[in-house]
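Peer 1: Quick one: structure below, then a few questions.
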Amino acid sequence: MACYECYAYAYKGYVGIKETFIYCLWVSMIRSEKVMVKNNTNIKKIAYNVLAISSVILFEGTIGLVTGSLSLLSDAAHSCVDLVSSIVSFTALRISLRPADENHLYGHEKIEYIGTMTGGAILLFLGILLMYESIINIVNIKEKIIENTAYIALAYVFLVETFRVVNSYTGKIGKGKSLLTSELYHAAADMSGTFIALAGV
Numbered sequence: 689m690a691c692y693e694c695y696a697y698a699y700k701g702y703v704g705i706k707e708t709f710i711y712c713l714w715v716s717m718i719r720s721e722k723v724m725v726k727n728n729t730n731i732k733k734i735a736y737n738v739l740a741i742s743s744v745i746l747f748e749g750t751i752g753l754v755t756g757s758l759s760l761l762s763d764a765a766h767s768c769v770d771l772v773s774s775i776v777s778f779t780a781l782r783i784s785l786r787p788a789d790e791n792h793l794y795g796h797e798k799i800e801y802i803g804t805m806t807g808g809a810i811l812l813f814l815g816i817l818l819m820y821e822s823i824i825n826i827v828n829i830k831e832k833i834i835e836n837t838a839y840i841a842l843a844y845v846f847l848v849e850t851f852r853v854v855n856s857y858t859g860k861i862g863k864g865k866s867l868l869t870s871e872l873y874h875a876a877a878d879m880s881g882t883f884i885a886l887a888g889v
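If you read the sequence shown in the numbering used here, its first letter stands for residue 689, the second for the next number, and so on.
Structure, rendered in structure tokens:
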């Protein structure tokens, strides 16, 4: 029951003002606790994305170094850009949850949108970079030998990107929603690219 409904009941004499105040305070605490729990959950979700991307970098980088595959090393380098974006989102959400202080009377929520904007800019930069590389590859067509390790790496990356999409999609309430939306779009773009690469090879 919303607070204005509580006071309407109090005005009509159904309950006292004191009981109304206590009930509204209790409802407010419950709602705040739920939002706080969700906020902490969203922080964990972005942290999981950071760990997932880190595993991709480690996996592709290791196989690329062992096999001498430049394509895997290049994709690992692209994943580093994804990692930076997720770290920016994680840091922005942590800062946005700080309470108001003398220098920030209305809290630190603006940093969440700055983080979202930064993540979007990184995604745009990565998209332009991939488009440029695609054009170069189309113009300079060369026969490439695809090794079995490349299939394994692409399959692993696709599974990780799928996890990132599902993980980011489930964050819907509380602070960090816009950051998780940015993470979702980023992960979806990565997953689509990996799927196309798998279909292509």
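Virtual Cβ for every residue (Gly too), placed ideally from N, Cα, C.
(1) Following the continuous alpha helix (DSSP H) through Arg786, name the residue where it begins and the one where it ends.
(2) Buried or exposed for Ala882, going by 16 or more other Cβ atoms inside 10 Å?
(3) Does the beta carbon of Phe813 come closer than 7 angstroms to any beta carbon on chain D?
(4) Is Ala843 buried or exposed, if buried means 16 or more other CB atoms sit within 10 Å of its CB?
(5) Nearest by alpha-carbon distance to Ile783: which of Val772, Gly803, Ala765, Val769 is it?
(6) If Leu760 sits next to Gly752, beta carbons under 8 angstroms apart, how far is it from one beta carbon to the other, in whole angstroms?
(7) With H, G and I counted as helix, E and B as strand and the rest as coil, what does DSSP make of Thr858?
(8) Roughly how many angstroms lie between the CA atoms of Met879 and Ser762, to the nearest whole one?
(9) Can you name, in chain order, every residue of its own chain whose Cβ lies under 6 angstroms from the Cβ of Thr755, other than the five neighbours on each side?
(10) Using C-beta distances below 7 angstroms, list every residue in its chain close to Ser774, excluding the 5 sequence neighbours before and after it, in chain order.
Peer 2: The structure says:
(1) Note, Arg786: premise wrong, no alpha helix (DSSP H); not H, not E.
(2) First, the residue type needs correcting, since residue 882 is Thr and not Ala in the sequence shown. With 16 or more other Cβ atoms within 10 Å, it is buried.
(3) Here chain D cannot be found, since the structure has a single protein chain.
(4) exposed
(5) Gly803
(6) Yes, they are in contact, since the Cβ atoms of Leu760 and Gly752 sit about 3 angstroms apart, within 8 angstroms.
(7) coil
(8) 16 angstroms
(9) Thr837
(10) Excluding residues up to 5 positions away in sequence, Ile734, Asn737, Val738, Ile741, Glu871 lie with their Cβ nearer than 7 angstroms to the Cβ of Ser774 in the same chain.
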